[in-house]
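Just below is one structure, and these are the notes that go with it.
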Amino acid sequence: MKQTIKKHEKTLNNCSKIFVGTALIFMYLVMGIPLIMDIPNVISEKYLSVEGEVVEWNFSREDQKKERSIGIIDSKTNQKVNVVVYSYGIHKGEYIEAVYLPYSKYGIVKE
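Mapped onto our numbering, the consecutive letters of the sequence shown carry residue numbers 90 to 200.
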């Protein structure tokens, strides 16, 4: 086994570098670009707002304030909006108002 690994060490190293590089590029595209695109909105305080009923929610510990992904049916447009908020437990059927950034979809629940 050691001889096989030693023999193909260079190939294995190259494959692992390609895999890690591809994963980093993917994460940058999915997470980094939307955050960068939201910087002008944060500076100029241009946030989007949604008000409506929660139809999707995070089942994690409700007594802890943490990042939660929720889906809200907008009462004005009747379209579902997915937002990530930092909050205590949110339940299906609750009527809430959230303010969020347009590209990254990160926001807060107005209380």
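For each residue, glycine too, the CB sits at the ideal point set by N, CA and C.
Using a 10 Å radius around the Cβ and a threshold of 16 neighbouring Cβ atoms, would you call residue i buried or exposed?
i, result
"Asp152", "exposed"
"Ile94", "exposed"
"Ile128", "exposed"
"Leu190", "buried"
Leaving out the 5 sequence neighbours to the left and right, which residues in its chain are closer than 7 angstroms to residue i when beta-carbon positions are compared?
i, result
"Ser176", "Lys154, Arg157 and Val198"
"Gly182", "Glu142 and Val143"
Please go through the same chain and pick out, in chain order, the residues whose beta-carbon is closer than 6 angstroms to the beta-carbon of residue i, but skip the five residues on each side of it.
i, result
"Pro123", "Tyr192 and Ser193"
"Val139", "Ile161, Asp163, Val170 and Ala187"
How would you write the range of the alpha helix (DSSP H) that residue i sits in, first residue to last?
i, result
"Ile107", "Glu98 to Met116"
Can you find the residues in the same chain that come closer than 8 angstroms, C-beta to C-beta, to residue i, ignoring five residues on each side of it along the sequence?
i, result
"Gln168", "Ile162"
Per DSSP, residue i forms a beta bridge with which residues?
i, result
"Ser149", "Note: Ser149 sits in no beta bridge, so no partner."
"Gly160", "Glu145 and Asn171"
"Lys155", "Ser176"
What residue range does the beta strand (DSSP E) around residue i cover?
i, result
"Lys199", "Tyr195 to Lys199"
"Ile185", "Tyr184 to Tyr189"
What ranges does the beta strand (DSSP E) occupy inside the segment 118-145, keeping only unbroken runs of at least 3 residues that lie completely in it? As far as the segment 118-145 is concerned, its whole beta strand (DSSP E) runs of at least 3 residues are 137-145.
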